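> 495 is the number that this note's numbering gives to position 485 of the sequence shown; each next residue is one higher, with no gaps. My questions will all concern the structure given below.
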Amino acid sequence: MMENDYNSTLFYFFCTFALAVISQVIFSFIFPNLLSFLFIITVGFFTALGSLFVFTYLKKRNASIVRFKIDQLEQKYDDLLKKHELYEIASKATNDTIWDWNIKTNGFIWNEGIEIVFGHKKENIENNLQWWFNKIHPEDSLKISVKLYESVNEKLEKWQDEYRFLCADGTYRYVSNRGFLIKDETGVVVRMIGSIQDVTKQKREEQRLKLLETVITQTKDSVIITEAQEKEKGIPKIVFVNPAFHNMTGYKPNEVIGKSPTIFISKNSVKNNIKQLADALKKKEEFTFESLNNKKNGEEYWVNFSMIPITNNDNLHSHWISIQRDISVEKHREKEREQLISELTQNNKDLKQFSYITSHNLRAPLSNLTGLLNLIDDIPIENEELKEIISGFSKSTALLNETINDLVKVVIIKDSLSIQKEDLQIKEIFENVFNQLSFLISIKKPIIKMDLDKAPNVSVNKSYFESILLNLMTNSLKYKDDVRQLKISISSKKNGQNTLVTFKDNGIGIDMKLNKEKIFGLYQRFHDYPDSKGLGLYLVKSQVESMGGKITVNSEVGVGTTFEIAFKNNAHA
Numbered sequence: 011m012m013e014n015d016y017n018s019t020l021f022y023f024f025c026t027f028a029l030a031v032i033s034q035v036i037f038s039f040i041f042p043n044l045l046s047f048l049f050i051i052t053v054g055f056f057t058a059l060g061s062l063f064v065f066t067y068l069k070k071r072n073a074s075i076v077r078f079k080i081d082q083l084e085q086k087y088d089d090l091l092k093k094h095e096l097y098e099i100a101s102k103a104t105n106d107t108i109w110d111w112n113i114k115t116n117g118f119i120w121n122e123g124i125e126i127v128f129g130h131k132k133e134n135i136e137n138n139l140q141w142w143f144n145k146i147h148p149e150d151s152l153k154i155s156v157k158l159y160e161s162v163n164e165k166l167e168k169w170q171d172e173y174r175f176l177c178a179d180g181t182y183r184y185v186s187n188r189g190f191l192i193k194d195e196t197g198v199v200v201r202m203i204g205s206i207q208d209v210t211k212q213k214r215e216e217q218r219l220k221l222l223e224t225v226i227t228q229t230k231d232s233v234i235i236t237e238a239q240e241k242e243k244g245i246p247k248i249v250f251v252n253p254a255f256h257n258m259t260g261y262k263p264n265e266v267i268g269k270s271p272t273i274f275i276s277k278n279s280v281k282n283n284i285k286q287l288a289d290a291l292k293k294k295e296e297f298t299f300e301s302l303n304n305k306k307n308g309e310e311y312w313v314n315f316s317m318i319p320i321t322n323n324d325n326l327h328s329h330w331i332s333i334q335r336d337i338s339v340e341k342h343r344e345k346e347r348e349q350l351i352s353e354l355t356q357n358n359k360d361l362k363q364f365s366y367i368t369s370h371n372l373r374a375p376l377s378n379l380t381g382l383l384n385l386i387d388d389i390p391i392e393n394e395e396l397k398e399i400i401s402g403f404s405k406s407t408a409l410l411n412e413t414i415n416d417l418v419k420v421v422i423i424k425d426s427l428s429i430q431k432e433d434l435q436i437k438e439i440f441e442n443v444f445n446q447l448s449f450l451i452s453i454k455k456p457i458i459k460m461d462l463d464k465a466p467n468v469s470v471n472k473s474y475f476e477s478i479l480l481n482l483m484t485n486s487l488k489y490k491d492d493v494r495q496l497k498i499s500i501s502s503k504k505n506g507q508n509t510l511v512t513f514k515d516n517g518i519g520i521d522m523k524l525n526k527e528k529i530f531g532l533y534q535r536f537h538d539y540p541d542s543k544g545l546g547l548y549l550v551k552s553q554v555e556s557m558g559g560k561i562t563v564n565s566e567v568g569v570g571t572t573f574e575i576a577f578k579n580n581a582h583a
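In structure tokens:
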């Protein structure tokens with residue numbers, strides 16, 4: 011451009027000089043005496059005129075050039091503005107965090123995503139590479155820095171990696187970071203522009219899926235995945251089986267994939283559950299049944315077979331997942347248990363029958379013996395030795411008769427599936443018991459404390475409940491401590507859904523460490539008392555449980571014994 015302007019100026023000066031020469035020649039003929047003066051005037055005039063013309067031309071020319079330059083700058087500014095707008099729009103349209111690293115100056119620029127996604131405010135961000143590295147998890151930082159600088163040094167077109175990035179709240183998020191190198195005209199790497207994408211959700215989902223995969227592959231239960239049922243009839247085809255399936259059935263995956271599960275499910279099992287199975291398949295509902303299957307070698311095994319429908323993201327049924335749990339051992343134990351229950355039931359029947367027969371067959375001879383002993387009492391016997399023998403025989407007969415009567419009571423209680431109950435006041439039942447034991451109470455002279463005024467009614471069998479209280483009261487009187495006066499405390503109250511009856515004394519007590527498991531046992535004796543038969547507490551427990559109650563005991567030698575009996579509250583109380 012400058013060379014053209016220079017040539018143009020020379021051209022205009024040459025033309026002006028030529029006009030001046032021509033004018034001088036003309037004026038020399040007209041004014042010969044003023045030749046020198048006219049020459050000077052002519053040259054000056056045309057020189058001034060040429061200079062004015064050149065100045066005007068150059069001014070317009072320079073204005074045009076300046077306008078052109080300004081237009082170019084404005085166009086570049088518009089282009090940059092549009093690119094910046096596109097950049098801002100792209101930044102807002104994506105969840106990515108955009109960054110720009112000036113490798114020469116080590117300057118670092120972040121877009122708004124660094125605050126929107128990770129919470130870092132602009133005033134807290136340092137515009138250098140070190141700030142970024144400080145936010146990378148310590149376990150990931152070394153790996154990232156090595157790979158990043160390796161990418162820059164080798165001038166790789168792009169770099170990508172995953173790591174954990176620190177948020178403003180102190181938590182870490184999994185991110186995927188991608189960077190692209192920018193080189194100058196000489197091929198030197200000057201910048202890297204990239205984006206950080208939060209992949210925490212995907213990473214956790216990936217970890218969850220890996221965990222589920224581990225569970226499926228490591229579980230001992232057989233897992234089968236079948237396709238969604240496309241036809242109205244038939245069982246869906248298998249698309250996946252886990253390793254446990256091979257261990258359980260003996261079939262390899264390639265032997266069953268693409269086939270129906272009926273290849274190993276017993277036809278009889280399917281037949282027995284065909285209606286429920288068909289309904290579950292049609293309604294796409296979970297279904298569970300037990301099946302007797304066949305292994306590849308023909309061996310039978312029992313499984314608990316469950317089918318669960320699986321839906322995709324569009325909530326459309328996509329697959330069935332079936333879990334087989336081998337229950338052969340449980341089935342074998344169940345069969346043994348049923349057989350044992352059957353045998354025990356039969357033995358129980360036999361024992362009851364034996365008890366009835368024994369009690370019936372012994373009653374007649376005992377009645378005869380009792381009658382004969384009564385007759386002998388009317389005959390005077392002078393022989394003292396014979397008299398002692400007959401007396402001992404009479405006592406033994408009486409004890410045997412009592413034992414048979416007690417056994418009959420036990421059999422009756424155990425054989426009674428249901429007993430008649432009625433609403434009773436506990437205080438009235440105790441009064442009846444006291445009347446029956448009035449003679450023994452007058453001899454032992456115990457201090458009796460009763461807290462039954464507000465006691466709720468209980469729904470019990472009257473005879474059983476009187477027998478229970480009679481046994482407990484008799485034991486307290488019988489096993490009193492000879493050193494201190496006997497104290498008996500009786501109370502009743504509501505305790506949640508139960509009515510609790512407490513019977514407490516300060517008698518000689520029982521050693522619970524030695525006898526805890528035998529307290530309510532049959533024919534268990536804990537003291538050397540001549541009339542003790544070890545049957546009372548067994549009858550008490552049997553009678554309590556036959557009425558749906560529970561009894562517990564707490565006792566200490568030299569301190570006393572406490573019985574607690576719990577009955578369900580009367581619904582109308």
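Quick reminder that beta carbons are idealized off the backbone N, C-alpha and C, glycines included. Treat the numbers as computed from the prediction; the structure is a model and nothing was measured.
1) Classify residue 107 as buried or exposed, calling it buried when 16 or more other Cβ atoms lie within 10 Å of its own Cβ.
2) Closer than 7 Å: is that where the CB of residue 435 sits relative to any heavy atom of the ligand ZN?
3) Helix, strand or coil: which one does DSSP assign to residue 173?
4) What is the DSSP secondary structure of residue 231, reduced to helix, strand or coil?
5) Just verifying my parser: in three-state terms, what is the DSSP assignment at residue 261?
6) Report the CB separation of residue 200 from residue 192 in whole angstroms; it is logged as a contact under 8 Å.
7) Does DSSP put residue 207 in a helix, in a strand, or in coil?
8) Out of curiosity, what's the CA-to-CA distance linking residue 586 and residue 267?
9) Can you give me the Cβ contacts of residue 275 inside the same chain, cut-off strictly under 8 Å, excluding the 5 residues immediately before and after it?
10) Kindly indicate which residue of 124, 139, 128 and 132 has the alpha-carbon position closest to the one of residue 118.
11) Quick one: is residue 397 buried, meaning 16 or more other Cβ sit within 10 Å of its Cβ, or exposed?
12) Suppose you measure from the CA of residue 242 to the CA of residue 560; what does that come to, to the nearest Å?
13) Could you check how far apart the C-beta atoms of residue 577 and residue 470 are, in whole angstroms? I think they sit under 8 Å.
14) Would residue 236 and residue 332 qualify as a contact pair, given that the criterion is a beta-carbon distance under 8 Å?
15) Do you know how far the Cα of residue 432 is from the Cα of residue 337?
16) Taking all protein chains shown into account, do 16 or more other C-beta atoms lie within 10 angstroms of the C-beta of residue 457, making it buried, or fewer, making it exposed?
17) Exposed or buried, which one is residue 571 when buried takes at least 16 other CB atoms within 10 Å?
18) Count the other CB atoms, across all protein chains shown, that sit within 10 Å of the CB of residue 502; report buried if there are 16 or more and exposed otherwise.
19) Measure the alpha-carbon distance for residue 308 versus residue 272 and round it to whole angstroms.
20) Which residues does DSSP list as the beta-bridge partners of residue 327?
21) Considering only residues of the same chain and omitting the five flanking positions on each side of residue 161, which have a CB-CB separation below 7 Å?
22) With 16 other CB atoms within 10 Å as the buried threshold, where does residue 252 fall?
23) Looking only at DSSP bridge pairs, what is residue 250 linked to?
24) State the DSSP-derived secondary structure class of residue 242, mapped to helix, strand or coil.
25) Exposed or buried, which one is residue 159 when buried takes at least 16 other CB atoms within 10 Å?
26) Should residue 477 and residue 549 be called a contact, given that it needs their Cβ atoms to be closer than 8 Å?
In brief:
1) In the sequence shown, residue 107 corresponds to position 97, counting from 1. Taking all protein chains in view, the Cβ of residue 107 is crowded by 16 or more other Cβ atoms within 10 Å, so the residue is classified as buried.
2) This structure lacks the ligand ZN, and indeed carries no ligand of any kind.
3) Taking the sequence shown and counting its residues from 1, the one referred to as residue 173 is at position 163. Looking at residue 173 - three-state DSSP - the assignment turns out to be strand.
4) Residue 231 sits at position 221 when you count from the first residue of the sequence shown. Coil at residue 231, not helix or strand.
5) Here residue 261 refers to the residue found at position 251 when the sequence shown is read from its first residue. The three-state secondary structure of residue 261, taken from DSSP, is coil.
6) Working through the sequence shown from its first residue, we reach residue 200 at position 190. Working through the sequence shown from its first residue, we reach residue 192 at position 182. Rounded to the nearest angstrom, the Cβ distance from residue 200 to residue 192 is 6 Å, consistent with a contact under 8 Å.
7) Taking the sequence shown and counting its residues from 1, one reaches residue 207 at position 197. In the structure shown, residue 207 adopts extended strand secondary structure according to DSSP, grouped into three states.
8) Given a span of 11 to 583 for the chain in the structure shown, any question on residue 586 remains unanswerable.
9) Residue mapping note: residue 275 aligns to position 265 of the sequence shown, counting from 1. Excluding five sequence positions before and after residue 275, the CB atoms of its chain that fall closer than 8 Å to its own CB belong to 301, 303 and 315, given in chain order.
10) Looking up residue 118 in the sequence shown gives position 108. It is 139 whose Cα lies nearest to the Cα of residue 118.
11) In the sequence shown, counting from the first residue as 1, residue 397 sits at position 387. With fewer than 16 Cβ atoms within 10 Å of its Cβ, residue 397 is classed as exposed.
12) Walking along the sequence shown from the start, residue 242 turns up at place 232. Walking along the sequence shown from the start, residue 560 turns up at place 550. Low local confidence applies: a pLDDT of 48 at residue 242 is under 50, so the model's placement there is unreliable, and no value is given.
13) Here residue 577 is taken as the residue at index 567 of the sequence shown, counted from 1. Here residue 470 is taken as the residue at index 460 of the sequence shown, counted from 1. Residue 577 to residue 470, Cβ: 6 Å. Contact.
14) Your numbering for residue 236 matches position 226 in the sequence shown. Your numbering for residue 332 matches position 322 in the sequence shown. Cβ atoms of residue 236 and residue 332: closer than 8 Å.
15) Residue numbering aside, residue 337 sits at position 327 when the sequence shown is read from its first letter. Residue numbering aside, residue 432 sits at position 422 when the sequence shown is read from its first letter. Using only the alpha carbons, I get a separation of about 47 Å.
16) Within the sequence shown, the letter at position 447 stands for residue 457. The Cβ neighbour count for residue 457, taken over all protein chains shown within 10 Å, is under 16; the residue is labelled exposed.
17) Start at 1 with the first residue of the sequence shown, and residue 571 comes out as number 561. The residue in question, residue 571, is buried, as its Cβ has 16 or more Cβ neighbours within 10 Å.
18) What you label residue 502 is simply residue 492 of the sequence shown in a count that begins at 1. Counting Cβ neighbours within 10 Å, residue 502 comes out buried, since at least 16 surround it.
19) The sequence position of residue 308 within the sequence shown is 298, counting from 1. The sequence position of residue 272 within the sequence shown is 262, counting from 1. Each residue's Cα considered, the two are about 14 Å apart.
20) Position 317 of the sequence shown, counted from the start, is the residue given in the question as residue 327. In DSSP, residue 327 forms a bridge with 321.
21) Indexing the sequence shown from 1 puts residue 161 at position 151. Cβ within range, chain order: 169.
22) The residue labelled residue 252 in the question sits at position 242 within the sequence shown. With 16 or more other Cβ atoms within 10 Å, it is buried.
23) Position 240 of the sequence shown, counting from 1, holds the residue named residue 250. Per DSSP, 235.
24) Here residue 242 corresponds to residue number 232 of the sequence shown, with the count starting at 1. For residue 242, the predicted model reports a pLDDT of 48, less than 50, meaning its position is unreliable and no value from the coordinates is stated.
25) Here the question's residue 159 lines up with position 149 in the sequence shown. Burial state of residue 159 is exposed, judged by a 10 Å Cβ sphere holding fewer than 16 other Cβ atoms.
26) Position 467 of the sequence shown, counting from 1, holds the residue named residue 477. Position 539 of the sequence shown, counting from 1, holds the residue named residue 549. In contact: residue 477 and residue 549 (Cβ atoms closer than 8 Å).
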